[in-house]
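Some notes on the structure that comes next.
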Amino acid sequence: MISNRSREAAIAVSCQFYDAMMCVVLCSSDKVLCYARCGARKGRVMSYIDYIADLARDCAIIVHRGLWRAAPENSLLSIERAISAGYDVVEIDIRRSSDGELVLLHDDTLERMTGIDKQPEALTRQQLCGLALRDRDGGEGNLMTAETLPSLKDVFDLTRDRIFLHLDVKHRHLIPEVIACARAMGVDQQVDFWGNLKTEEDLAWIRANVASQAVLFMAKTRLEAPDADSQLDLLFQLNPSLCEIYFDRLEQVAERKALFKEAGIALWVNTLEAVSCAGFTDSAALRNPQAVWGRLIDAGVSAIQTDEPAALKAYLEGRRASGRGGSG
1 MISNRSREAA IAVSCQFYDA MMCVVLCSSD KVLCYARCGA RKGRVMSYID
51 YIADLARDCA IIVHRGLWRA APENSLLSIE RAISAGYDVV EIDIRRSSDG
101 ELVLLHDDTL ERMTGIDKQP EALTRQQLCG LALRDRDGGE GNLMTAETLP
151 SLKDVFDLTR DRIFLHLDVK HRHLIPEVIA CARAMGVDQQ VDFWGNLKTE
201 EDLAWIRANV ASQAVLFMAK TRLEAPDADS QLDLLFQLNP SLCEIYFDRL
251 EQVAERKALF KEAGIALWVN TLEAVSCAGF TDSAALRNPQ AVWGRLIDAG
301 VSAIQTDEPA ALKAYLEGRR ASGRGGSG
């Protein structure tokens, strides 16, 4: 495996001859280091916070659980393939073992991905990380693979200085532990943390446990909810760099585009089928990408989580080629 130092040196040579946007394309498998060389803060790895705040960047492509159509979801292979394909962010799911170690798994039980009807919290890290994973999104219809359930530390070793991570920590009280792990492994500026922001208690907890740690936090705000005004008030009090926004009419986002931009809050939307908004789904985007991804970007969205990253990437390339730009 090529060392980080060798990889960074190679990127530095390439970036002497190309502007920042071209360099991102050329160095797509080492995007974090590439931004460090081509972005405003040269000489060190660009932080996730700086990346999100960069008004010149393209719309970020967030790959849901890695490239799970080509490997088991939440596996090292699915993450490596997302890195190799040049995507911006990988979303992964985090739980804790019985002996206090952090591992990757979405569900409450191991059944879908390993065929074992037990909770991950009931097994040790060694037991969990020895379990083979079913291919793709698991279930009885997918065969077992040689990939095993990874620990979070294994993931950090794989992704360090190569791609940003969206950490979906399944139990909020574990977030301080995950922050400590990320900091100890030198990746705390390459990950984000996510959570609801509905109450004053939420705001106080986030300020005390996440914002105080100088890591990227993404608030979840629902514009379609009866208490939308209250949620927005809490959002602007916290003023995070990033907000996962939900809506039942796109106008609810578009009419606040300037407000979010003035506050420096980038907007993230999921087009995943199960958690999409107002019909803005991956399947609809495959039929008409401009009607889904294009309209979201025009409304001010600059980060999209998808199960169709290749199609989104192709759409963004076509949008740039047409002169419209890849962000709103």
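Quick note: the sequence shown, position 308, residue 308 per the numbering used here, numbers continuous. Here a beta-carbon is modelled for each residue, glycine too, at the ideal position from N, C-alpha and C. Since the structure is predicted, the reported quantities are computational estimates derived from the model, not experimental observations.
Item: If you draw a straight line from the alpha carbon of Ile116 to that of Thr145, how long is it in whole angstroms?; Value: 15 Å
Item: State the DSSP-derived secondary structure class of Tyr246, mapped to helix, strand or coil.; Value: strand
Item: For Cys181, collect the residues of the same chain with a Cβ closer than 8 Å to its Cβ; drop the 5 residues on either side in sequence, then sort them by chain order.; Value: Leu102, Leu152, Lys153, Phe156
Item: Under a Cβ-count criterion, where at least 16 other Cβ atoms within 10 Å of its own Cβ denotes burial, should Arg287 be classed as buried or exposed?; Value: exposed
Item: In whole angstroms, give me the CA-to-CA distance for Arg256 and Ile265.; Value: 11 Å
Item: Report the residue ranges of all beta strand (DSSP E) runs contained in full by the stretch 129-212; include only those spanning at least 3 residues, in chain order.; Value: 132-134, 144-148, 164-169, 191-196
Item: Rounded to whole angstroms, what's the CA-CA distance from Pro240 to Phe193? Just pull it up for me.; Value: 11 Å
Item: Alpha carbon to alpha carbon, what distance is there between Thr159 and Tyr18?; Value: Low per-residue confidence applies at Tyr18: pLDDT is 34, beneath 50, and the placement is therefore not dependable, though the value from the model is reported in the following sentence. When rounded, the distance between both Cα atoms is 25 Å.
Item: From Asp354 to Gly195, what distance separates their C-alpha atoms?; Value: This structure cannot speak to residue 354, because the chain is shown only from 1 to 328.
Item: Quick check: the Cα distance between Cys59 and Ala254, rounded to an integer number of angstroms?; Value: 16 Å
Item: To the nearest angstrom, how far is it from the Cα of Ala219 to the Cα of Leu133?; Value: 31 Å
Item: Between Glu111 and chain D, is there a C-beta pair that is closer than 7 Å?; Value: Reference to chain D is not applicable here, since this structure consists of a single protein chain.
Item: Taking the alpha carbon of Glu308 as the reference point, which residue from Leu234, Thr124, Asn270, Gln189 has its own alpha carbon closest?; Value: Asn270
Item: If you run the structure through DSSP and keep just helix, strand and coil, what is Ile52?; Value: helix
Item: Rounded to the nearest angstrom, what separates Glu111 and Pro72 at their Cα positions?; Value: 14 Å
Item: Work out the CA separation of Leu165 and Arg207 for me, nearest whole Å.; Value: 21 Å
Item: Quick one: Cα of Asp188 to Cα of Trp293, how far?; Value: 30 Å
Item: Just to confirm the assignment: which complete beta strand (DSSP E) runs, minimum length 3, are found wholly within the stretch 47-99?; Value: 60-64, 89-96
Item: Go ahead and label Ala330 buried or exposed: buried means 16 or more other beta carbons lie within 10 angstroms of its beta carbon, across all protein chains shown.; Value: Within the shown structure, residues of the chain are numbered from 1 to 328, placing residue 330 beyond reach of any answer.
Item: May I ask you to report which of helix, strand or coil DSSP gives Gln119?; Value: coil
Item: If you measure between the beta carbons of Tyr51 and Leu216, is that distance less than 7 Å?; Value: no
Item: Contact check, Thr124 vs Ser97 under 8 Å by CB: the rounded distance?; Value: 6 Å
Item: Could you check which residue in Ala314, Gln213, Pro150, Leu197 has the C-alpha nearest to that of Ala225?; Value: Leu197
Item: Nearest to Ala85 by CA position, among Arg249, Asp202, Val63, is which residue?; Value: Val63
Item: Can you name, in chain order, every residue of its own chain whose Cβ lies under 8 Å from the Cβ of Leu235, other than the five neighbours on each side?; Value: Leu197, Ala219, Thr221, Cys243, Ile265
Item: Alpha carbon to alpha carbon, what distance is there between Ala285 and Leu67?; Value: 18 Å
Item: Near Pro150, which residues of its chain fall below 6 Å by C-beta distance, leaving aside the five closest residues on each side in sequence?; Value: Leu76, Leu104
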